[in-house]
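Here is the structure:
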């Protein structure tokens, strides 16, 4: 474990090649081999080319099925223990509606410490001791109201806390926000 703990990259909504041509160059420079312990793709990768890109940088890649994924090895839910935290990943459409009640239901059902899910907008919050994170769109393909630009989240898992770094490209500049949530007892 590095001084940053175990690193879990969470990426969603690439929408390549239909809505965008590629990942932002600034992000591609950050997505390098041997940096991440796991990668969770929250859906809408569309083709195996994007999934293979992440498999080249990390051996532990988990792809959540969305309505627009045409590749093998996908699932609607993933449950993984990483650095003493139970992470549950769900694709947003499997929740029927992405709302607090459905996310809480998944967290309770799976006894999760962290729930990651696909959504067009970035969401990072903690409720009832559970951290919830949605990475937004890695290419900025989502044009929903409130979407600021291409984004992803990085979970830094240390024994005492979950640090969530949100990376967003705004007008060609990288904005990084850090949220820290103490580990629940």
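Numbering (this note's numbering), first residue to last: 2 to 186. We put the beta carbon where it would ideally sit given N, CA and C, even for glycine.
Item: Taking the runs of the beta strand (DSSP E) that are 3 residues or longer, which of them lie wholly in the region 88-146?; Value: 115-118, 123-128, 131-136
Item: Three Cβ pairs or more, each shorter than 8 Å: is that satisfied between the region 168-175 and the region 23-36?; Value: yes
Item: Look at the Cβ atom of residue 158, then the Cβ atom of residue 13, and state whether they are nearer than 8 Å.; Value: no
Item: Given this structure, state the Cα-to-Cα distance separating residue 63 from residue 100, to the nearest angstrom.; Value: 23 Å
Item: Spatial neighbours of residue 51 within its chain, please: C-beta separation below 6 Å, excluding the five flanking residues on both sides.; Value: 15, 17
Item: Measure the beta-carbon distance from residue 121 to residue 138 and round it to whole angstroms, keeping in mind my assumption that it falls under 8 Å.; Value: 6 Å
Item: In terms of DSSP beta bridges, what is residue 182 paired with?; Value: 163
Item: Answer yes or no: do residue 112 and residue 87 have a C-beta to C-beta separation smaller than 8 Å?; Value: yes
Item: Kindly indicate which residue of 129, 168, 133 has the alpha-carbon position closest to the one of residue 119.; Value: 133
Item: Would you check if the distance between the CB atom of residue 142 and the CB atom of residue 124 is smaller than 8 Å?; Value: no
Item: Looking at C-alpha atoms only, which residue of 65, 140, 44, 85 is the closest neighbour of residue 115?; Value: 85
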